[in-house]
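Enquirer: This is the structure I want to talk about, given as structure tokens.
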Amino acid sequence: MKFIDYLKLIWRNRKGRFGLIVTVFFILLATVGPIIIPAPLVTSVNPKDIFLPPQLNNPYYILGTGPIGDSILGDIVAGAPFLLEVAFLAGLFSTAIGLTIGILSGYLGGIMDMILTSITNIVMTMPSLILVIILATMIRTSNPLIISLILSISSWTGLALSVRSQVLVLRSLPYIEVNKLLGLGTWHTVFREIFPNLASYIAIHFIFNVEGAVYAAVGLYFLGLLPINPYNWGVMISNALNEGAVYGGSALYYLLFPSVFVVMFMVGLIFLTYGIDEISNPRLRRY
Numbered sequence: 004m005k006f007i008d009y010l011k012l013i014w015r016n017r018k019g020r021f022g023l024i025v026t027v028f029f030i031l032l033a034t035v036g037p038i039i040i041p042a043p044l045v046t047s048v049n050p051k052d053i054f055l056p057p058q059l060n061n062p063y064y065i066l067g068t069g070p071i072g073d074s075i076l077g078d079i080v081a082g083a084p085f086l087l088e089v090a091f092l093a094g095l096f097s098t099a100i101g102l103t104i105g106i107l108s109g110y111l112g113g114i115m116d117m118i119l120t121s122i123t124n125i126v127m128t129m130p131s132l133i134l135v136i137i138l139a140t141m142i143r144t145s146n147p148l149i150i151s152l153i154l155s156i157s158s159w160t161g162l163a164l165s166v167r168s169q170v171l172v173l174r175s176l177p178y179i180e181v182n183k184l185l186g187l188g189t190w191h192t193v194f195r196e197i198f199p200n201l202a203s204y205i206a207i208h209f210i211f212n213v214e215g216a217v218y219a220a221v222g223l224y225f226l227g228l229l230p231i232n233p234y235n236w237g238v239m240i241s242n243a244l245n246e247g248a249v250y251g252g253s254a255l256y257y258l259l260f261p262s263v264f265v266v267m268f269m270v271g272l273i274f275l276t277y278g279i280d281e282i283s284n285p286r287l288r289r290y
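Reminder that position 3 of the sequence shown reads as 6 in the working numbering, one-by-one numbering, no gaps.
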């Protein structure tokens, strides 16, 4: 099935359509948004401009202002590219590692299966949250590539075991045995026969990994474990809490809107996975 045809199926599914719209909105926010809505450049702080409520007469300040009179909308848009880059890279790394180990383990079997499964089980038993916090504290980098690798350090294990079990089932099917009898190579069998049967399964896990990476990245910046980036949504939430926003102070909007954007992105990804699952799972399919 072509990619465009698969998108059409997602669009026909109500949950998938909603998730796709929200996800595309955030991708556009991170790519086109900074061109349309520039990052705040505050050269001097006027106390009268601090933590203002939404200004309906000025689109740039429609969400209000922050601790130095900066536009909350501008801060959110400026922080979107980095956050989405980290999240999608982490999802890509986690999916690639889990997929590779799962396919090799399930298809090759034998000693290779035992070694890879043992490694996966060992990594799975590690306290991933503590491991990520320790690595983030030790490295303290703002490089999105390195941060993505830290976030994906152990998030691939579930996918690896799941793919392994699926490949064990697929490799025993008659058409896979025919490929072997015809002398077709391992690469042909894996990428032309096995991989297409795992496509939707992989897509769902990729989206779940992206979702987890967003939470983790926002959390690390919220805790101050990574170099401060004033436009990061986690830093914005942390600053708002330090200003007493949770008690309904003037910084309430500085807490509310970054949190809403994080939740919106998560909800969009969740509905997108629901849509893909309903399309791919015959028990849930309605058309």
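Even for Gly, the Cβ is constructed at its ideal location relative to N, Cα and C.
1) Report the rounded CA-to-CA distance for W236 versus P261, giving the unit in angstroms.
2) I'd like to confirm the pairing. Which residues does DSSP put opposite I74 in its beta bridges?
3) Name the residue from N61, P57, A81 whose alpha carbon lies nearest to the alpha carbon of V238.
4) Can you confirm whether the segment 205 to 225 touches the segment 83 to 103 when touching is taken to mean that 3 or more C-beta pairs between the two stretches lie within less than 8 Å?
5) In whole angstroms, what is the alpha-carbon distance linking I13 and I273?
6) State buried or exposed for V291, treating a residue as buried only when at least 16 other CB atoms are found within 10 Å of its CB.
7) Would you mind stating whether L102 and V166 have Cβ atoms separated by less than 8 Å?
8) What separation, rounded to the nearest whole angstrom, lies between the Cα atoms of G222 and G251?
9) So for G271, helix, strand or coil by DSSP?
10) Would you mind reading off the limits of the alpha helix (DSSP H) that contains S165?
11) Give the single residue among R174, Y64, A206, G109 whose Cα lies nearest to the Cα of A99.
12) If you draw a straight line from the C-alpha of L132 to the C-alpha of T123, how long is it?
13) Nearest by alpha-carbon distance to M129: which of G161, G109, N232 is it?
14) How far does the alpha helix (DSSP H) with K11 in it extend, from its first residue to its last?
15) Can you tell which of S151, Y9, V265 has its C-alpha closest to the C-alpha of N212?
Expert: From the atom records:
1) Counting only the Cα atoms, P261 lies some 6 Å from W236.
2) The displayed chain sequence assigns Ser, not Ile, to residue 74. Answer is T68.
3) Checking every option, the nearest Cα to that of V238 belongs to A81.
4) Yes: at least three Cβ pairs fall under 8 Å.
5) Each residue's alpha carbon lies about 13 Å from the other.
6) With the chain represented from 4 up to 290, any question about residue 291 goes unanswered, as that position is not in the structure.
7) Their beta carbons are under 8 Å apart, which means L102 touches V166 by this criterion.
8) Between the alpha carbons of G222 and G251 lies a distance of about 22 Å.
9) In this structure, G271 counts as helix in the three-state DSSP scheme.
10) Note, S165: alpha helix (DSSP H), 160 to 173.
11) The candidate whose alpha carbon is nearest that of A99 is A206.
12) Distance between the alpha carbons of L132 and T123 is about 17 Å.
13) In terms of Cα proximity to M129, the closest of G161, G109, N232 is G161.
14) Residues 6 to 15.
15) Ranked by Cα distance from N212, the options S151, Y9, V265 are led by S151.
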